[in-house]
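Student:
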């Protein structure tokens with residue numbers, strides 16, 4: 002389906018060849034249940050060189066790519082960083 006193996010490249014591939022609204026991004030967020038937070042692709046504002054920038058109130062949220070642990074597209078896992086505990090959405 003998608004050729005890219007790294008989060009930034011994969012998200013750019015989805016942005017230009019498909020639809021970001023059909024993806025969900027899971028990232029490390031200390032303090033969230035299980036220290037993992039998920040956002041819909043519609044919340045992605047910019048795919049920057051060093052950060053994934055999300056819409057937020059009152060300001061944007063910057064997520065470094067090394068904190069992204071999983072990306073789903075149409076409920077299928079297309080990227081998952083190796084880790085001890087699996088994510089149970």
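In our numbering, the protein residues as written are 2 to 90. Built from N, CA and C at the ideal position, the CB exists for glycine as well.
Flag this pair as yes or no: are the beta carbons of residue 64 and residue 73 separated by less than 8 angstroms?
Tutor: Within the chain shown, numbered from 1, the residue matching residue 64 stands at position 63. Within the chain shown, numbered from 1, the residue matching residue 73 stands at position 72. Going by C-beta atoms, residue 64 is not nearer than 8 angstroms to residue 73.
Student: What residues in its chain sit with their C-beta under 7 angstroms from that of residue 36, if we drop five residues either side in the sequence?
Tutor: Counting from 1 along the chain shown, the entry for residue 36 is found at position 35. 29, 30.
Student: Compare the beta carbon distance of residue 62 and residue 84 with 8 angstroms and say whether it is the shorter of the two.
Tutor: In the chain shown, residue 62 corresponds to position 61, counting from 1. In the chain shown, residue 84 corresponds to position 83, counting from 1. Not closer than 8 angstroms, so no.
Student: Enumerate, from N- to C-terminal direction, the unbroken alpha helix (DSSP H) stretches of 4 or more residues contained entirely within the region 2-34.
Tutor: 8-18
Student: Counting only the same chain and skipping the five closest in sequence on each side, list residues whose C-beta sits under 7 angstroms from that of residue 24.
Tutor: Looking up residue 24 in the chain shown gives position 23. Same-chain partners within the cutoff: 15, 42, 72, 73, 74.
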